[in-house]
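Here the structure comes first, spelled out in structure tokens, and everything after it is commentary.
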Amino acid sequence: QDVVNKIAAGEIIVAPVHALKELIENAVDAGSTSLEIVVKDGGLKLLQISDNGCGINKDDMSILCERFTTSKLKAFEDLQSIGTYGFRGEALASISHIAHLSITTKTADSSCAWKAHYAAGKLAPAKPGQSADPKACAGRQGTQIQVEDLFYNVPTRRRAFRSASEEYAKIAEQVGKYAVHCQGVAFSCKKHGESGTSIAVPMAAGTKDRIRIVHNSDIANELMEFEVSDKQYGFKTNGFASNANYSGKRTTLLLFINHRSVDSSAIKKAVEQTYSAFLPKGGKPFLYLSLEIEPARVDVNVHPTKREVNFLNEEEIVELICGAIRSKLGKVDT
Ligand code: ADP
Ligand code: MG
Numbered sequence: 036q037d038v039v040n041k042i043a044a045g046e047i048i049v050a051p052v053h054a055l056k057e058l059i060e061n062a063v064d065a066g067s068t069s070l071e072i073v074v075k076d077g078g079l080k081l082l083q084i085s086d087n088g089c090g091i092n093k094d095d096m097s098i099l100c101e102r103f104t105t106s107k108l109k110a111f112e113d114l115q116s117i118g119t120y121g122f123r124g125e126a127l128a129s130i131s132h133i134a135h136l137s138i139t140t141k142t143a144d145s146s147c148a149w150k151a152h153y154a155a156g157k158l159a160p161a162k163p164g165q166s167a168d169p170k171a172c173a174g175r176q177g178t179q180i181q182v183e184d185l186f187y188n189v190p191t192r193r194r195a196f197r198s199a200s201e202e203y204a205k206i207a208e209q210v211g212k213y214a215v216h217c218q219g220v221a222f223s224c225k226k227h228g229e230s231g232t233s234i235a236v237p238m239a240a241g242t243k244d245r246i247r248i249v250h251n252s253d254i255a256n257e258l259m260e261f262e263v264s265d266k267q268y269g270f271k272t273n274g275f276a277s278n279a280n281y282s283g284k285r286t287t288l289l290l291f292i293n294h295r296s297v298d299s300s301a302i303k304k305a306v307e308q309t310y311s312a313f314l315p316k317g318g319k320p321f322l323y324l325s326l327e328i329e330p331a332r333v334d335v336n337v338h339p340t341k342r343e344v345n346f347l348n349e350e351e352i353v354e355l356i357c358g359a360i361r362s363k364l365g366k367v368d369t
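Note that the UniProt record's numbering has the sequence shown beginning at 36, numbered continuously upward.
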């Protein structure tokens with residue numbers, strides 16, 4: 036049973052950045068306006084994320100890391116909506132099978148914070164011989180999650196990591212995407228033991244300023260805002276796209292579908308194609324795109340490791356988005 040869970044967890048979380056993405060989404064879902072992330076050894080030694088969200092009830096702490104434990108289903112219209120978010124109630128469970136997980140949390144109406152450790156889906160003692168029950172401690176409202184020694188019990192996976200700085204770069208890139216997308220949320224991300232942050236976005240920053248902070252002013256100064264929607268295809272989208280004055284070395288695509296960061300090689304290709312007529316040879320665009328699609332139109336079978344998402348009328352929707360960018364770039368293609 037445990038081996039099965041461990042294997043399943045290793046399929047969901049292949050690299051530290053995958054664990055962190057889940058933790059960021061949880062913190063945002065909890066209504067946080069501040070996320071502080073600390074990373075040691077590319078996330079293999081420590082991933083720590085502190086939020087100021089709603090916190091977790093002490094009574095829920097014992098089941099938190101059981102598979103399919105989620106507080107979010109009731110908020111959904113129907114089970115179809117699961118497709119939008121990939122999977123449900125598996126992130127903390129998975130992490131607890133392949134790392135040392137501890138959670139400190141306080142809700143608004145609790146008089147103190149509670150800290151618990153988890154192993155293989157269950158509460159576990161901090162040290163052998165101690166009680167596994169959550170312990171009272173001091174703390175502010177919100178939740179702090181610490182993931183230590185990721186893949187400590189999956190040596191093959193652990194050996195696959197060559198460089199901590201490479202893993203950290205992936206983490207910073209993912210944090211940067213959410214930092215651009217999540218209006219009203221402050222983000223900071225740094226390496227453990229370093230005083231300087233690699234990302235520091237204040238709560239009040241607008242999208243352009245977020246792009247300026249996370250990326251650079253060269254990009255932020257050359258952005259066009261656009262919006263497209265279509266009832267028939269059940270989507271609306273808004274975003275910022277670089278103009279013809281900006282020409283990057285590689286394409287930067289910050290793509291959110293229903294507020295989850297996802298990849299889409301189809302969209303990337305189409306966007307590069309669109310820009311190729313406007314940029315010097317080899318020049319690449321920057322695009323931040325937030326796409327909201329009716330949940331029933333998003334592929335419900337999408338697997339968490341397959342971070343590519345499928346949705347109905349993809350070709351038509353992508354063409355409408357590219358058409359909007361094309362006309363902003365100055366040439367209407369009919
Ligand atoms: P899911 O996000 O799909 O519900 P997870 O395993 O990621 O599943 O989290 C399980 C549950 O733990 C969530 O539904 C939520 O109730 C609670 N939770 C996790 N992280 C936080 C957090 N940062 N703040 C408040 N609640 C959290
Ligand atoms: Mg989650």
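Even glycine gets a Cβ: it sits at the ideal position worked out from N, Cα and C.
Whole-number beta carbon distance between residue j and residue i, since they are thought to touch under 8 Å
{"i": "Thr68", "j": "Gly174", "result": "17 Å between Cβ atoms; not a contact."}
{"i": "Thr140", "j": "Ala128", "result": "Between Ala128 and Thr140 the Cβ distance is about 17 Å, and since that is not below 8 Å, they are no contact."}
{"i": "Lys82", "j": "Pro51", "result": "Rather than Lys, the amino acid found at residue 82 in this sequence is Leu. Contact flag correct, Cβ pair sits at about 6 Å."}
{"i": "Glu327", "j": "Phe270", "result": "6 Å"}
{"i": "Thr272", "j": "Ser325", "result": "6 Å"}
{"i": "His132", "j": "Gly156", "result": "7 Å"}
{"i": "Gln176", "j": "Asn87", "result": "6 Å"}
{"i": "Thr142", "j": "Ile91", "result": "7 Å"}
{"i": "Lys247", "j": "Ala239", "result": "Correcting the residue type first, residue 247 is Arg in the shown sequence and not Lys. Actually they do not touch by this definition, with Cβ atoms about 14 Å apart."}
{"i": "Asn188", "j": "Lys41", "result": "7 Å"}
{"i": "Val353", "j": "Ala305", "result": "5 Å"}
{"i": "Ser296", "j": "Gln209", "result": "7 Å"}
Closest by C-alpha distance to residue i, when choosing among the options
{"i": "Leu322", "options": "Leu290, Lys41, Gly90", "result": "Leu290"}
{"i": "Cys357", "options": "Thr287, Lys316, Gln308", "result": "Gln308"}
{"i": "Gly124", "options": "Ile47, Ala167, Cys172", "result": "Ile47"}
{"i": "Ile292", "options": "Ile98, Pro160, Glu60", "result": "Glu60"}
{"i": "Arg245", "options": "Phe275, Phe346, His227, Val333", "result": "Phe275"}
{"i": "Gln181", "options": "Ile254, Ala151, Leu258", "result": "Ala151"}
{"i": "Lys266", "options": "Cys100, Phe346, Glu329", "result": "Glu329"}
{"i": "Ala171", "options": "Ala195, Ser146, Asn188, Gln165", "result": "Ser146"}
{"i": "His227", "options": "Lys80, Asn278, Tyr187", "result": "Lys80"}
{"i": "Tyr203", "options": "His216, Thr232, Ile352, Val215", "result": "Thr232"}
{"i": "Gly211", "options": "Pro237, Arg197, Asp184", "result": "Pro237"}
{"i": "Tyr268", "options": "Cys224, Ala331, Ala305, Lys284", "result": "Ala331"}
{"i": "Val63", "options": "His216, Lys225, Ala301", "result": "His216"}
{"i": "Ala154", "options": "Ile254, Arg102, Val49, Ala214", "result": "Arg102"}
{"i": "Asp94", "options": "Leu158, Glu257, Thr191", "result": "Leu158"}
{"i": "Asp168", "options": "Met96, Arg295, Gly77", "result": "Met96"}
{"i": "Glu350", "options": "Tyr310, Arg361, Ile302, Ala221", "result": "Ile302"}
{"i": "Ala199", "options": "Leu355, Gly77, Val333, Ala359", "result": "Gly77"}
{"i": "Ala214", "options": "Cys100, Lys243, Ser282", "result": "Lys243"}
{"i": "Pro315", "options": "Ile360, Ala359, Ala126, Lys284", "result": "Lys284"}
{"i": "Ser362", "options": "Met259, Leu185, His294", "result": "Met259"}
{"i": "Arg185", "options": "Ser282, Asn280, His53, Val344", "result": "According to the sequence displayed, residue 185 carries Leu and not Arg. The shortest Cα separation from Leu185 among Ser282, Asn280, His53, Val344 belongs to His53."}
{"i": "Ile359", "options": "Glu229, Tyr310, Ala126, Ser106", "result": "At residue 359 the sequence reads Ala, which differs from the Ile that was named. Closest option to Ala359, Cα to Cα, is Tyr310."}
{"i": "Glu183", "options": "Ser106, Thr105, Gly241, Leu55", "result": "Leu55"}
{"i": "Val263", "options": "Leu355, Gly365, Ser223", "result": "Leu355"}
{"i": "Gly45", "options": "Tyr281, Asp334, Thr191", "result": "Thr191"}
{"i": "Cys89", "options": "Ala235, Asp144, Gly241, Asn348", "result": "Asp144"}
{"i": "Lys257", "options": "Leu364, Ala126, Ala43, Lys107", "result": "Here residue 257 is Glu; the residue named in the question, Lys, does not match the sequence. Closest by alpha carbon: Leu364."}
Beta-ladder partner(s) of residue i, from DSSP
{"i": "Phe141", "result": "Here residue 141 is Lys; the residue named in the question, Phe, does not match the sequence. Gly177."}
{"i": "Lys319", "result": "Gly283"}
{"i": "Gly274", "result": "Phe261, Leu324"}
{"i": "Cys224", "result": "Ile72, Ile234"}
{"i": "Arg361", "result": "None; Arg361 has no bridge partner."}
{"i": "Glu201", "result": "DSSP, once it has assigned bridges, lists no residue as partnering Glu201."}
{"i": "residue 372", "result": "The structure shown does not extend to residue 372, since the chain is modelled only from 36 to 369, so the question has no answer here."}
{"i": "residue 399", "result": "The chain is shown from 36 up to 369; residue 399 falls before or after that span and cannot be answered."}
{"i": "Ile292", "result": "Arg295, Leu326"}
{"i": "Phe346", "result": "Val333"}
{"i": "Lys150", "result": "Thr139, Lys170"}
Counted within 10 angstroms of its Cβ, other Cβ atoms place residue i as buried (16 or more) or exposed
{"i": "Asn251", "result": "exposed"}
{"i": "Val39", "result": "exposed"}
{"i": "Tyr120", "result": "Note that Tyr120 has pLDDT 48, beneath the 50 cutoff, so the model's placement of it is unreliable and no number is given."}
{"i": "Ile138", "result": "buried"}
{"i": "Ile130", "result": "buried"}
{"i": "Phe346", "result": "buried"}
{"i": "Gly317", "result": "exposed"}
{"i": "Ala161", "result": "exposed"}
{"i": "Ile72", "result": "buried"}
{"i": "Gly164", "result": "exposed"}
{"i": "Glu57", "result": "buried"}
{"i": "Ile206", "result": "buried"}
{"i": "residue 11", "result": "It is not possible to answer for residue 11, since the shown part of the chain is limited to 36 through 369."}
{"i": "Thr369", "result": "Only weak support exists for where Thr369 lies, its pLDDT of 46 falling under 50; the coordinates are left without a value."}
{"i": "Thr178", "result": "buried"}
{"i": "Gly66", "result": "exposed"}
{"i": "Ala195", "result": "exposed"}
{"i": "residue 32", "result": "As shown, the chain starts at 36 and ends at 369. That puts residue 32 outside it, with no answer to give."}
Cβ of residue i within 8 Å of any chain C Cβ
{"i": "His294", "result": "The chain inventory of the structure shown lacks chain C, comprising one protein chain alone."}
Go through the residues and name those whose CB comes closer than 6 Å to any heavy atom of ligand 2, in chain order.
Glu57, Glu60, Asn61, Ala126
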